[in-house]
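Peer 1: Chains as they are written, first to last, in my numbering: chain A, 9 to 123; chain B, 447 to 562. Cβ coordinates follow ideal geometry from the N, Cα and C atoms, glycine included. Just so you know, these numbers come straight off a predicted model, no measurement behind them. Could you have a look at this structure, given as structure tokens, before my questions?
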Amino acid sequence: GDSVTQMEGPVTLSEEAFLTINCTYTATGYPSLFWYVQYPGEGLQLLLKATKADDKGSNKGFEATYRKETTSFHLEKGSVQVSDSAVYFCALSDRVKTSYDKVIFGPGTSLSVIP
Amino acid sequence: GAGVSQSPSNKVTEKGKDVELRCDPISGHTALYWYRQSLGQGLEFLIYFQGNSAPDKSGLPSDRFSAERTGGSVSTLTIQRTQQEDSAVYLCASSLGLAGGNNEQFFGPGTRLTVL
């Protein structure tokens, strides 16, 4: 079945460092891809998404590009801030296959940014 | 409020007791989802509602778990005869559920269940 794999955490970075969180997926169809973020004490929120190959999702300085050839959707940010400390989840949804928006999540990567 | 709300925020119960977890979706959202987030695990899909019916219950881990939705709005997840392995954060999400497009899911803050 469809699945999502992402890099193990926790990841600790200094403020203003470059961030990459790797994400790869396995899917038989053409899924939409997402990054969700969970800030401490808060619910999950959609960070960005891409619905087809070569699309780039971006939000709050974060970017991810849908790479079908490598089945990847790596999350990047050029200069992280302390406020970016959170758990990041890569996810996919294949509405064509399931006929509804069933989302399959990766295990999450915890990011801590220190001043 | 404008977002998805869940209650209680925390629930501690004894093994063998039944618990009910409540989700109030965003008004007008026809689709509702329950997920479970266990320590060290990812988010595990439990059940999907479209209106009051549940076309996909495939993620419910055992027959001790059930869920219902009434009036196309509030949903209740019930766990009977709780076990320690049921301890987790239970998340609810809702979306517009419109056909033909990807509908963003909006998540509630979750209910943290601890079974002693």
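Which partner residues of K64 (chain A) appear in the DSSP bridge assignment?
Peer 2: Indexing the first sequence from 1 puts residue 64 (chain A) at position 56. Its beta-bridge partners are A:T73.
Peer 1: Report the three-state DSSP secondary structure of V121 (chain A) (helix, strand or coil).
Peer 2: For this step, residue 121 (chain A) is matched to residue 113 along the first sequence. Residue state, collapsed to three classes: strand.
Peer 1: Helix, strand or coil for V95 (chain A) per DSSP?
Peer 2: Within the first sequence, numbered from 1, the residue matching residue 95 (chain A) stands at position 87. It is a strand residue.
Peer 1: Using beta carbons (cut-off 7 Å, strictly below), is F553 (chain B) in contact with chain A?
Peer 2: Within the second sequence, the letter at position 107 stands for residue 553 (chain B). Yes, because at least one Cβ of chain A sits closer than 7 Å to the Cβ of F553 (chain B).
Peer 1: With which residues is Y494 (chain B) paired in a DSSP beta bridge?
Peer 2: As a working note, residue 494 (chain B) is residue 48 in the second sequence. The partner list for Y494 (chain B) (beta bridge, DSSP) reads B:Y479, B:D502.
Peer 1: Report the residues of the segment 459-492 of chain B with a CB closer than 9 Å to any CB of chain A, ordered along the chain.
Peer 2: Closer than 9 Å at the C-beta level to chain A, one finds these residues of the segment 459-492 of chain B: A477, Y479, Y481, Q483, G486, Q487, G488, L489, E490, F491.
Peer 1: At a cut of 8 Å, does the segment 91-101 of chain A reach the segment 524-533 of chain B through at least three beta carbon pairs?
Peer 2: These segments do not touch.
Peer 1: Beta strand (DSSP E) containing F511 (chain B): first to last residue?
Peer 2: Within the second sequence, residue 511 (chain B) is the residue found at index 65, counting from 1. It spans 511-515 - the beta strand (DSSP E) in which F511 (chain B) sits, taken as one unbroken run.
Peer 1: Applying a beta-carbon distance threshold of less than 7 Å, which residues of chain B neighbour E50 (chain A)?
Peer 2: Translated into positions along the first sequence, residue 50 (chain A) becomes position 42. Within 7 Å Cβ-Cβ: P555.
Peer 1: Starting from N456 (chain B), follow its DSSP beta bridges and name the residues at the other end.
Peer 2: Along the second sequence, one-based indexing puts residue 456 (chain B) at 10. According to DSSP, which records beta bridges pairwise, N456 (chain B) is partnered with B:R558.
Peer 1: Does any CB atom of chain A fall closer than 7 Å to the CB of N549 (chain B)?
Peer 2: Sequence index remark: in the second sequence, residue 549 (chain B) carries index 103 (1-based). Chain A contact via Cβ: present.
Peer 1: Less than 7 Å separating the beta-carbons of P454 (chain B) and G51 (chain A)?
Peer 2: As a first step, residue 454 (chain B) must be located in the second sequence, where it is residue number 8. As a first step, residue 51 (chain A) must be located in the first sequence, where it is residue number 43. Not a contact, by the Cβ cut-off of 7 Å.
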